[in-house]
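Take any residue in the sequence shown, note its place counting from 1, add 915, and you have its number in this note's numbering. Using N, Cα and C, we set each Cβ at its ideal position, and we do this for glycine too. The structure presented is a predicted model; accordingly, all values stated were derived computationally and were not measured. Before any comments, here is the structure.
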Amino acid sequence: MSEQNGIEIRTATIDDLAAIFHLGEKVFTPQEVTNLYRTWDEYEVTGLFNSEPEHLLVALDDEKVVGFAMGTVIKKTHSAWSYGHLLWLGVDSLFARKGIGNMLFEQFRANMKKEGVRILIIDTQADNEPAIRFFRKIGFEKPTSHVYMTLNLEKEA
Ligand SMILES: CC(C)(COP(=O)(O)OP(=O)(O)OC[C@H]1O[C@@H](n2cnc3c(N)ncnc32)[C@H](O)[C@@H]1OP(=O)(O)O)[C@@H](O)C(=O)NCCC(=O)NCCS
916 MSEQNGIEIR TATIDDLAAI FHLGEKVFTP QEVTNLYRTW DEYEVTGLFN SEPEHLLVAL
976 DDEKVVGFAM GTVIKKTHSA WSYGHLLWLG VDSLFARKGI GNMLFEQFRA NMKKEGVRIL
1036 IIDTQADNEP AIRFFRKIGF EKPTSHVYMT LNLEKEA
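Below, the structure is given as structure tokens:
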């Protein structure tokens, strides 16, 4: 799909799934691993591979998976617009700040644009400064805050 500085970006194959899963375990901190609507586990990877394999990208250094991006297209009823949600983006910390996250994102963006997506969405924890800086540099703007609350049902009489 594309190659730059010895790093190849292509769509994932079934043989990449285990490596993607294990890299995700390394790069996502406990906060990112689970949020209210998604959890980083093997079903997340295999599920997205089954439903939208064209939106599951890997970055390879010498055939080794060193990064990945995965997302989904959201179509809203009553709206002609479709949204591309980048669900997970991860780069091996040994390969950080070499532009790999950017390469993955650019391929993701190009694929989404080809499909007619008009708005891209990302979400991350409010204190994930590196990711927020990364996305701001690309041009993402207008961050809005969501508040998650919990109610402990174990404490009810
Ligand atoms: C966020 C992440 C994908 C960036 O990957 P990367 O390959 O290191 O990013 P790039 O090299 O393409 O960086 C592009 C720009 O983003 C910004 N950036 C990236 N990492 C940064 C960091 N740790 N601190 C500050 N700015 C950072 C910089 O502006 C950088 O440009 P520069 O190196 O020329 O200054 C990677 O740090 C990661 O996997 N983080 C953990 C998982 C995560 O939080 N994912 C996002 C939410 S799903």
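- Decide yes or no for the touch test of the segment 1054-1064 against the segment 926-944: beta carbon pairs closer than 8 Å, at least 3 of them. no
- Query: Expressed to the nearest angstrom, what Euclidean distance is found between the alpha-carbon atoms of Leu-975 and Gly-999?
  - Reply: 23 Å
- Beta-carbon separation of Ile-1015 and Val-981 under 8 Å? Their beta carbons are under 8 Å apart, which means Ile-1015 touches Val-981 by this criterion.
- Tell me Arg-925's beta-bridge partners as DSSP assigns them. Residue pairing from DSSP places Arg-925 in a beta bridge opposite Val-973.
- Query: In three-state DSSP terms, what is Met-985?
  - Reply: Met-985 falls in the strand class under three-state DSSP.
- Those residues which DSSP pairs with Gly-999 across a bridge: Val-988 and Leu-1035
- Query: Using the C-alpha atoms, what's the distance from Val-1062 back to Ile-924?
  - Reply: The straight-line gap from Cα to Cα measures roughly 35 Å.
- Query: Where does Thr-961 sit, in a helix, a strand or coil, going by DSSP?
  - Reply: It is helical.
- Item | Beta-bridge partners of Leu-1004, as assigned by DSSP | Ala-984
- Query: So which residues touch the region around ligand 1, with touch meaning a C-beta under 6 Å from any heavy atom?
  - Reply: Val-942, Phe-943, Glu-947, Trp-1003, Leu-1004, Gly-1005, Val-1006, Ala-1011, Arg-1012, Lys-1013, Gly-1014, Ile-1015, Gly-1016, Asn-1017, Thr-1039, Asn-1043, Pro-1045, Ala-1046, Arg-1048, Phe-1049 and Lys-1052
- Task: Name the residue from Leu-938, Leu-972, Ile-1036 and Thr-961 whose alpha carbon lies nearest to the alpha carbon of Phe-1010.
- Result: Leu-938
- Out of Glu-978, Lys-979 and Ala-984, state which residue places its alpha-carbon closest to the alpha-carbon of Leu-972. Ala-984
- Same chain, Cβ closer than 7 Å to Ile-1037, five either side skipped, listed in chain order: If the five residues before and after Ile-1037 are omitted, its C-beta is found closer than 7 Å to the C-beta atoms of Leu-1001, Phe-1050 and Phe-1055, all from its own chain and listed in chain order.
- Message: Looking only at its chain, what residues have a beta carbon closer than 6 Å to the beta carbon of Ser-997, apart from the 5 residues adjacent to it on each side?
- Response: Val-988, Lys-990 and Val-1032
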